[in-house]
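The opening position of the sequence shown corresponds to residue 14 in the numbering used here, with each subsequent residue numbered one higher. Have a look at the structure below, then the notes.
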Amino acid sequence: MGISNIAGYALGVFLLAFIPYQNKFIAIFSLGSVIGLFSTALIAFLDVSNLENAKFPEKVEQPEKVFSTSFFFVTLLLSGNLFGIVWTPYVMNELKGTDFIAASLSLSGTLASIVASLVWREKSFKTLRIGLAFNALGPLLAWLVPYPEAHIGISVFTSFTFTAANFMGTFLFARYNEWFGAVKSSILMVIIGNLAQLVSAPLGLLVGSNYTLAFPCVFATKVAATALAVGFIPEVAVVREDVARTYSRILYRNSLIGYRIVVEVSRETVLATFRLLALSMVLAALYLIYRVLWWLIS
């Protein structure tokens, strides 16, 4: 995946730098479509027969751990997606950076992620949380540094530290595989990624080009992800493991209670709406009957 990303970003930077302005986007979009169709066709040849008889664990032993980690991971990916939505337009529109610099942000970030994978892969959770904490500084740096070229270095920094945070969530789910199941973990991680994208898109539209609001929002989201990790996930927490486990249970149970309340209130609201609608139709029918009878009598 990393090699393909590097090849794609490098090709994009090359095309942006050397193809005339009026032709480069046509060439990039056309080439991207062809490569995308080719990669999609390759999926038909994948052997997934080993998943056909995969069994799901009948019972989840520690649901509060899965919930806390999922909550952390959604928040982390949400912050990353929202950061990506607002950062590139900020560099190009506010700082007047070129499209070459915008493409270089992605290329440098991918290269940094590959190097970071080699650095962080054997680190403990306690070390990975350092990268998570430093990653929260990325939005502030991007907002406060006025030089477009310097944002390439910021991209290296944020990608390097984000890889540590991402590894934290991935390693936690890998640890839960024994009792949660690899299939469930994989499905949940896909759902988490899609949910983060689903939430970040309307948030990005909401903040729009209001960068004074956008970057503090991204920073606050990253701080929230850090707080969730160090306070509610026992393997990562700065407090004692038993205290973090207690906090995790409280968060899980309160969220479960809140979910049930929301579902019940929503159900009652829908039922009340249908009842009012039915009552309105009955009253309208009675009024119509009354008018017809009045017309006949008169």
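Where a beta carbon is used, it is the ideal one built from N, C-alpha and C, also for glycine. A quick note: this is a predicted structure, and the numbers were derived from the prediction, not measured.
Query	Result
For Ile-200, three-class secondary structure by DSSP	helix
Within 9 Å, strictly: CB atoms of Leu-324 and Phe-96	Outside the displayed range of the chain (14 to 311) lies residue 324, so it cannot be described from this structure.
7 Å CB neighbourhood of Ser-198 in its chain, flanking five on each side removed	Phe-186, Tyr-189, Asn-190
Glu-281 versus Leu-292 - alpha carbon distance	16 Å
Nearest neighbour of Leu-118, chosen from Thr-82, Thr-171, Asn-148 [CA to CA]	Thr-171
Residue environment, Trp-308, which counts as buried when at least 16 other CB atoms sit within 10 Å	exposed
Alpha-carbon spacing of Val-94 relative to Leu-301, whole angstroms	Looking at the sequence shown, residue 94 is not Val but Asn. Cα to Cα, Asn-94 sits roughly 56 Å from Leu-301.
Environment of Asn-148 [buried if 16+ CB atoms lie within 10 Å]	buried
Contact check, Gly-144 vs Ala-177, beta carbons under 9 Å	yes
Uninterrupted alpha helix (DSSP H) stretches inside the segment 165-241 (no shorter than 4 residues)	195-220
DSSP-derived helix/strand/coil call for Lys-78	helix
Ser-126 vs Phe-173 beta-carbon contact at 9 Å	yes
Nearest neighbour of Ser-121, chosen from Leu-216, Ile-165, Tyr-303, Val-295 [CA to CA]	Ile-165
Lys-139 - containing alpha helix (DSSP H), residue span	138-148
Cα-Cα separation between Arg-142 and Val-275, rounded to whole angstroms	33 Å
Rounded separation between Ser-168 and Phe-113 - CA only	14 Å
Closest Cα partner of Ile-200 within the set Val-278, Ser-83, Asp-255, Ala-116	Ser-83
Rounded Cβ spacing between Gly-244 and Ala-233 (contact assumed at less than 8 Å)	Contact doesn't hold; Cβ gap of about 16 Å is too wide.
Supposed close pair Val-236, Val-99 - CB separation, criterion 8 Å	With 8 Å as the limit, Val-236 and Val-99 do not qualify as a contact, their Cβ atoms being about 17 Å apart.
Secondary structure of Thr-286, DSSP reduced to three states	helix
Whole-number beta carbon distance between Thr-88 and Leu-241, since they are thought to touch under 8 Å	6 Å
Beta-carbon contacts of Ala-146 that lie in its chain and below 6 Å, excluding the five residues immediately before and after	Thr-239
Classification of Asn-267 by the beta-carbon crowding that lies within 10 angstroms, buried from 16 upward	exposed
C-beta contact flag for Ser-222 and Pro-76 at 9 Å	no
Straight-line gap, Phe-228 to Leu-153 (C-alpha atoms, nearest Å)	7 Å
Helix, strand or coil at Pro-161 according to DSSP, with G and I counted as helix	coil
Within 9 Å, strictly: CB atoms of Val-249 and Met-202	no
Cβ separation of Glu-107 and Tyr-260, assumed to be a contact under 8 Å, to the nearest whole Å	Contact doesn't hold; Cβ gap of about 40 Å is too wide.
Nearest-angstrom Cβ-Cβ length linking Val-212 and Leu-91, presumed shorter than 8 Å	6 Å
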